[in-house]
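All remarks here apply to the structure that follows.
Numbering (our numbering), first residue to last: 25 to 444.
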């Protein structure tokens with residue numbers, strides 16, 4: 025995994041890569057996968073980090089920021105029919121591309137990282153989940169700190185809980201995992217469809233939208249102090265932590281899907297991997313993109329379907345498409361190298377992008393969200409591009425001197441002490 029030599033911690037997933045050994049426990053009937061580095065995972069992880077920023081940046085720059093995310097009336101493809109101005113079109117397409125896709129892709133990659141960790145434990149003859157529970161606990165603690173001090177819509181806590189559930193299933197047979205994935209996925213889709221039907225029937229999102237952001241929330245992020253924002257996050261923790269609760273079925277399904285794809289060789293070289301990537305690209309994009317577009321055309325009523333049902337399908341297609349592009353690449357170019365570096369420091373990059381956005385946008389920092397309020401989407405997209413450039417350049421410079429990202433290194437050091 026990655027381009028550096030020797031085993032390392034999977035950036036952002038809390039697992040350590042192992043380049044050799046069997047791919048699964050004997051007797052489980054898993055398709056073998058050749059040993060060696062899998063650069064595709066690092067590239068995909070870097071792309072997912074930039075895509076996650078592409079969605080979160082709209083939260084940081086919106087009036088009321090984190091507290092208004094649930095009531096925000098964001099432009100969709102339905103908005104374009106009413107207002108076909110360039111700003112509306114660009115923002116709607118940008119949001120359509122980013123909304124949920126990177127979240128799902130990153131979840132899928134966490135599952136692949138979990139499979140790597142299981143392979144490493146099996147090779148060493150360690151019990152499972154065994155020490156992995158400490159990795160999941162450490163990731164949960166990292167997410168809790170990130171939620172409290174930086175960003176209310178943190179994903180790490182949800183990943184940690186889901187990773188532990190998936191780890192327990194990983195030691196079971198393929199049929200058990202498949203049944204769990206189908207059950208969790210089906211329940212999730214049914215829940216999202218039911219919630220969407222209720223929203224449509226109740227007129228939860230009408231022509232007038234949600235009525236605008238709460239004035240108190242707008243004041244908090246425009247003028248409030250940092251400690252005041254921390255206190256409000258903690259006071260509203262139950263509401264702000266609702267996304268990982270309501271999407272647990274989706275995340276568990278994607279975790280187990282990532283495990284299955286990794287063991288089948290979808291992220292590796294060779295003819296088998298290419299065949300799987302073609303199928304992922306064709307079926308994922310062929311089914312997911314029209315589904316996502318149709319949900320966006322529903323306006324706010326289609327938000328749950330777009331983000332939590334269609335986006336995971338698109339994410340599978342993106343994984344396949346990027347893999348096919350890398351298959352055709354004769355050498356590692358600057359774009360591939362930059363994304364790979366960010367992928368190797370994904371946990372640090374994820375936290376850093378939110379820290380930068382917080383300081384740049386909120387009132388206790390530069391306050392650009394208030395300063396540019398009402399000026400359209402162009403400055404938001406420019407901010408995304410600027411922060412992305414910092415992440416790409418910063419990860420490259422960091423890895424010239426260090427083997428791991430700063431948070432990855434801290435995680436590795438802490439877990440090594442626990443292991444002793």
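Built from N, CA and C at the ideal position, the CB exists for glycine as well.
Simplified DSSP state of residue 118, which is helix, strand or coil = Working through the chain shown from its first residue, we reach residue 118 at position 94. Looking at residue 118 - three-state DSSP - the assignment turns out to be helix.
Nearest-angstrom Cα distance between residue 460 and residue 384?
-> Nothing about residue 460 can be read from this structure; the chain reaches only from 25 to 444.
For residue 93, which three-state DSSP category applies?
-> For the purposes of this step, residue 93 is taken as the residue at position 69 of the chain shown. In the structure shown, residue 93 sits in coil (DSSP, three-state: anything other than H, G, I, E or B).
Starting from the Cα of residue 424, find the closest Cα among 380, 436, 362, 404 and give me that residue.
-> Indexing the chain shown from 1 puts residue 424 at position 400. Among 380, 436, 362, 404, the Cα nearest to that of residue 424 is on 362.
If we count the other Cβ atoms within 10 Å of its Cβ and call it buried at 16 or more, is residue 358 buried or exposed?
-> As a position in the chain shown, residue 358 is number 334, starting the count at 1. Classification for residue 358: exposed.
Decide if residue 380 is buried, meaning its Cβ has at least 16 other Cβ atoms within 10 Å, or exposed.
-> Here residue 380 refers to the residue found at position 356 when the chain shown is read from its first residue. Residue 380 comes out buried.
Can you tell me whether residue 79 is buried or exposed, with buried defined as 16 or more other CB within 10 angstroms of its CB?
-> Here the question's residue 79 lines up with position 55 in the chain shown. It is buried - the Cβ of residue 79 has at least 16 other Cβ atoms within 10 Å.
Reduced DSSP category for residue 293 - H, G, I as helix; E, B as strand; rest coil | Locating residue 293 in the chain shown gives position 269, where the first residue counts as 1. Three-state DSSP puts residue 293 in coil, outside helix and strand.
Neighbourhood of residue 310 by C-beta, 8 Å cutoff - its chain only, sequence neighbours within 5 removed | As a working mapping, residue 310 is identified with position 286 in the chain shown. Hits under 8 Å: 341.
Under 8 Å between C-beta atoms of residue 241 and residue 94 = Taking the chain shown and counting its residues from 1, one reaches residue 241 at position 217. Taking the chain shown and counting its residues from 1, one reaches residue 94 at position 70. It is not a contact, given that the beta carbons lie outside the stated cut-off.
CA-to-CA distance, residue 410 to residue 133, given in whole angstroms | Along the chain shown, read from residue 1 onward, the residue named residue 133 stands at position 109. Along the chain shown, read from residue 1 onward, the residue named residue 410 stands at position 386. Near 25 Å, if we compare the C-alpha coordinates of residue 410 and residue 133.
Local Cβ density within 10 Å of residue 82, reported as buried at 16 or more and exposed below that = The count along the chain shown starts at 1 and reaches residue 82 at position 58. Buried, since its Cβ has 16 or more Cβ neighbours within 10 Å.
Using 8 Å as the Cβ pair cut-off and three pairs as the minimum, do the stretch 122-139 and the stretch 66-74 touch?
-> yes
Kindly confirm or deny that the stretch 167-184 and the stretch 320-327 touch, where touching means at least three C-beta pairs closer than 8 Å.
-> no
Using a Cβ-Cβ cut-off of 7 Å (strictly less than) and excluding sequence neighbours within five positions of residue 333, which residues of its own chain qualify?
-> Translated into the one-based positions of the chain shown, residue 333 becomes position 309. Same-chain partners within the cutoff: 213, 216.
Going straight from the alpha carbon of residue 440 to that of residue 68, what length do you get?
-> Sequence index remark: in the chain shown, residue 440 carries index 416 (1-based). Sequence index remark: in the chain shown, residue 68 carries index 44 (1-based). Their backbone Cα atoms lie some 27 Å apart in a straight line.
So, residue 247 versus residue 137, is the Cβ gap smaller than 8 Å?
-> Along the chain shown, one-based indexing puts residue 247 at 223. Along the chain shown, one-based indexing puts residue 137 at 113. No, Cβ-Cβ distance for residue 247 and residue 137 is not below 8 Å.
Residues near residue 408 in its chain [Cβ-Cβ closer than 7 Å; skip 5 each side] | As a working mapping, residue 408 is identified with position 384 in the chain shown. The answer, listed in chain order, is 77, 78, 81.
Taking just the CA atoms, how far does residue 179 sit from residue 261?
-> Reading the chain shown from its first residue, position 237 is the one you call residue 261. Reading the chain shown from its first residue, position 155 is the one you call residue 179. Straight-line Cα distance between these residues: approximately 14 Å.
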